[in-house]
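In this note's numbering, the protein residues as written are 2 to 287.
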């Protein structure tokens, strides 16, 4: 007899491109008799979780596996205010790929978590436009322009205050709460590496494109202001996640090494998705 499926509240954390492991984890859960009934996510966790709740995650995954670095950079409009990227081109592309949906119309309960920078508090978005909720939640400080809500709130990345937002699932009537923390302890060696060498012509085109839009050294240099700020934010999220999960533990916690890949390594989609799937296969509690 087939075992009855276990219902799950899935908590998807923030952490840039590392969050593509969320796709692999969701695939594993689907294939192994888990039924995801509720999702709470912030930043990349809100994006992946939102698209899954809308039934469009496969379209986003297919696009990620096909896009190259130059196409990715061209989606970044360097004309933001309060951040170097406005985010308009990226969100338009996401809308073309997966459409927009009302959160309250989704079959799966969904909450995107953002941060109100003026009020210094979390904001839980569980109604209205799904894409707007995602845009608010992914507003990485310094990188994306803050999102202005319909009520005038200035919203930034939910990971500023809560990188693994388990609280929205407290009252769920599900069998398990599974959290995915993208700020886990660093691995001795960076686990994800390119399977193939990058074509030198692609890198040259990339360099020419970056020069053509005249990005300042503070953004492009390895020790530049933005890189240092981003690494500092990553460290802060890791510490916050540990404190939040210690105070409010989930039934099953999946920790992803914070050095798994770079924040913007979205061109490693296939490897990252496989990593999340295979990590679950090795777990005795899944």
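Using N, Cα and C, we set each Cβ at its ideal position, and we do this for glycine too.
Opposing strand residues paired with residue i [DSSP bridges]
{"i": "residue 43", "result": "114"}
{"i": "residue 10", "result": "39, 178"}
{"i": "residue 126", "result": "113"}
{"i": "residue 149", "result": "155"}
{"i": "residue 143", "result": "84"}
{"i": "residue 103", "result": "130"}
Closest residue to residue i among the options (Cα-Cα distance)
{"i": "residue 272", "options": "134, 151, 24, 12", "result": "24"}
{"i": "residue 258", "options": "248, 62, 242, 64", "result": "242"}
{"i": "residue 185", "options": "260, 233, 88", "result": "260"}
{"i": "residue 16", "options": "282, 159, 281", "result": "159"}
{"i": "residue 104", "options": "98, 63, 55, 27", "result": "55"}
{"i": "residue 112", "options": "169, 58, 151, 284", "result": "169"}
{"i": "residue 151", "options": "128, 139, 161", "result": "128"}
{"i": "residue 279", "options": "30, 137, 176", "result": "30"}
{"i": "residue 110", "options": "47, 268, 64", "result": "47"}
{"i": "residue 94", "options": "173, 8, 60", "result": "60"}
{"i": "residue 8", "options": "233, 183, 262, 174", "result": "174"}
{"i": "residue 165", "options": "263, 62, 277, 240", "result": "240"}
{"i": "residue 285", "options": "33, 18, 6", "result": "33"}
{"i": "residue 28", "options": "53, 19, 114, 45", "result": "53"}
{"i": "residue 266", "options": "189, 45, 35, 134", "result": "45"}
{"i": "residue 106", "options": "85, 130, 263", "result": "130"}
{"i": "residue 183", "options": "172, 229, 153, 236", "result": "236"}
{"i": "residue 187", "options": "262, 20, 119", "result": "262"}
{"i": "residue 135", "options": "176, 64, 101", "result": "101"}
Close beta carbons around residue i, own chain, < 6 Å, minus the five adjacent residues each side
{"i": "residue 91", "result": "76"}
{"i": "residue 204", "result": "Since pLDDT at residue 204 reaches only 45, below the 50 mark, its modelled position is unreliable, and no value is offered."}
{"i": "residue 50", "result": "13, 40, 42"}
{"i": "residue 255", "result": "181"}
{"i": "residue 287", "result": "281"}
Delimiting residues of the alpha helix (DSSP H) encompassing residue i
{"i": "residue 184", "result": "Unbroken run through residue 184 is the beta strand (DSSP E), 177-185; no alpha helix (DSSP H)."}
{"i": "residue 252", "result": "No alpha helix (DSSP H) contains residue 252, which DSSP labels as neither H nor E."}
{"i": "residue 138", "result": "131-138"}
{"i": "residue 98", "result": "89-99"}
{"i": "residue 30", "result": "22-32"}
{"i": "residue 275", "result": "270-282"}
7 Å CB neighbourhood of residue i in its chain, flanking five on each side removed
{"i": "residue 87", "result": "78, 80, 81, 146"}
{"i": "residue 275", "result": "25"}
{"i": "residue 156", "result": "115, 116, 117, 124, 137, 140, 147, 148, 150"}
Same chain only: Cβ atoms within 8 Å of residue i, ignoring 5 sequence neighbours per side
{"i": "residue 167", "result": "12, 41, 178, 180, 245, 246, 249, 251"}
{"i": "residue 122", "result": "116, 162"}
{"i": "residue 96", "result": "132"}
{"i": "residue 89", "result": "78"}
Residue range of the unbroken beta strand (DSSP E) whose run includes residue i
{"i": "residue 85", "result": "84-86"}
{"i": "residue 158", "result": "155-158"}
Closer than 8 Å to chain C by CB, residue i
{"i": "residue 39", "result": "Given the protein chain composition of this structure (a single chain), no chain C is represented."}
Cβ contact (3+ pairs, closer than 8 Å) linking the segment 61-72 and the segment 34-45: no
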